[in-house]
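The opening position of the sequence shown corresponds to residue 0 in numbering that gives the first Met the number 0, with each subsequent residue numbered one higher. Report on the structure given below.
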Amino acid sequence: MMLTILYQDEFIVAIHKPAGLLVHRSMIDRHETQFAMQLLRDQIGQHVFPVHRLDRPTSGVLVFALSADIARLLGEQFAANTVSKTYFAIVRGHVKAPGFIDYALKEKLDKIADKRANQDKDPQEAQTEFLPIKQFELPFAVSRYPSARYTLVKLHPKTGRKHQLRRHMCHINHPIVGDTTHGDGKHNKFMRDQFSFNGLALTCQQMCITHPMSNEKLAIVNEFDLRMSTLMTQWGWEVPSLDELDLPSINR
């Protein structure tokens, strides 16, 4: 598998991570053989250092450092929540107005990977901004309503908690399509059966960091997720350009 490189210089490399690809080896799935970290290392011929993560089912911008020192500097930005991240998601229901979710999340630990972690942490502060972009209504009675409603939303997480966007959208009763843990099983099945959509309708579209060497702002932008654009095309909507989504058209 060849990964799409969105940005590269002598200090940083950023890729589009496809949905379904793990960032690195994990005890959670011992049988997996492909990982973004190893694929990118082999592709560019040098070691790479992960500085953040994307969940396996989430696609989008993934940034690596090309040295341990740069990884430390970038890691400090992520830890301080000074990295600006823009996601897009398709959620159940019509989201009618912008909003702000301020809802603390208790850390969810994996039984295998996190077995040595503190099992009794207090809920952690978590905030997410959301903005509806486009609403859809399909003539199918998926649940008790005569039609199925969905919204394309722009999401700006202000903190970086595990599964934050998925849990926050579920909290306001607009779960992300395809979320098998926090989502709506009837709508997920409808998407699989009617539109052959398998996976999570969530993508990291843009990431803005401060370059650790030049101290300049760097906006790393991805193309719109192909799986989500294919789904919306089937719904009769032309996928918007990056300009229409209010994102820079190039990486700067």
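All C-beta atoms in this analysis are idealised placements derived from N, C-alpha and C, irrespective of residue type, glycine included.
- When only Cα atoms are considered, MET190 and ARG52 end up about 27 angstroms apart.
- If you draw a straight line from the Cα of THR209 to the Cα of VAL82, it is about 8 angstroms long.
- ALA35 and VAL22 do touch by the CB rule: their CB atoms are close to 5 angstroms apart, below 8 angstroms.
- Annotated three-state conformation of PHE135 is strand, per DSSP.
- Sequence-distant partners of ARG226 (beyond 5 residues in either direction) whose C-beta falls short of 8 angstroms from its own C-beta, in its chain, are ALA18, SER58, PHE196, GLY198, ALA200.
- About 15 angstroms separates the CB atoms of THR232 and PHE87; that is not less than 8 angstroms, and the two are not in contact.
- For PRO122, the closest C-alpha among the options LYS161, ARG91, PRO49 is that of LYS161.
- Annotated three-state conformation of MET206 is strand, per DSSP.
- Here ILE69 is buried. Its C-beta has 16 or more other C-beta atoms within 10 Å.
- Apart from sequence neighbours up to five positions away, the residues of its chain that approach ASN187 with a beta-carbon distance below 8 angstroms are VAL176, GLY177, ASP178, THR179, ordered along the chain.
- Per the DSSP secondary-structure output, LEU104 pairs in a beta bridge with GLN123.
- With contact defined as three or more Cβ pairs closer than 8 angstroms, the stretch 93-106 and the stretch 121-135 are in contact.
- Approximately 11 angstroms separates the beta-carbon atoms of ILE171 and VAL152; this is outside 8 angstroms, ruling out the contact.
- Exposed is the label assigned to ARG143, since fewer than 16 other Cβ atoms lie within 10 Å of its Cβ.
- Residue pairing by DSSP places LYS84 opposite MET206 in a beta bridge.
- In the three-state reduction of the DSSP assignment, THR232 falls in the helix class.
- Ranked by Cα distance from ASP8, the first of LEU217, LYS107, HIS173, PRO156 is LEU217.
- Per the DSSP secondary-structure output, VAL238 pairs with nothing in a beta bridge.
- Sorting VAL94, ASP224, PRO56 by C-alpha distance to the C-alpha of HIS173 places VAL94 at the top.
- Out of ALA147, SER146, HIS167, ASP41, the CA that lies nearest to the CA of HIS155 is found in HIS167.
- Remark: C-beta atoms of LEU20 and VAL60 do not approach each other more closely than 8 angstroms.
- An exposed status is given to LYS107, since fewer than 16 other beta-carbon atoms sit within 10 Å of its beta-carbon.
- Here LYS16 is buried: its Cβ has 16 or more other Cβ atoms, across all protein chains shown, within 10 Å.
- Cβ neighbours of MET0 within its own chain (closer than 7 angstroms, five residues either side excluded): GLN33, LEU38.
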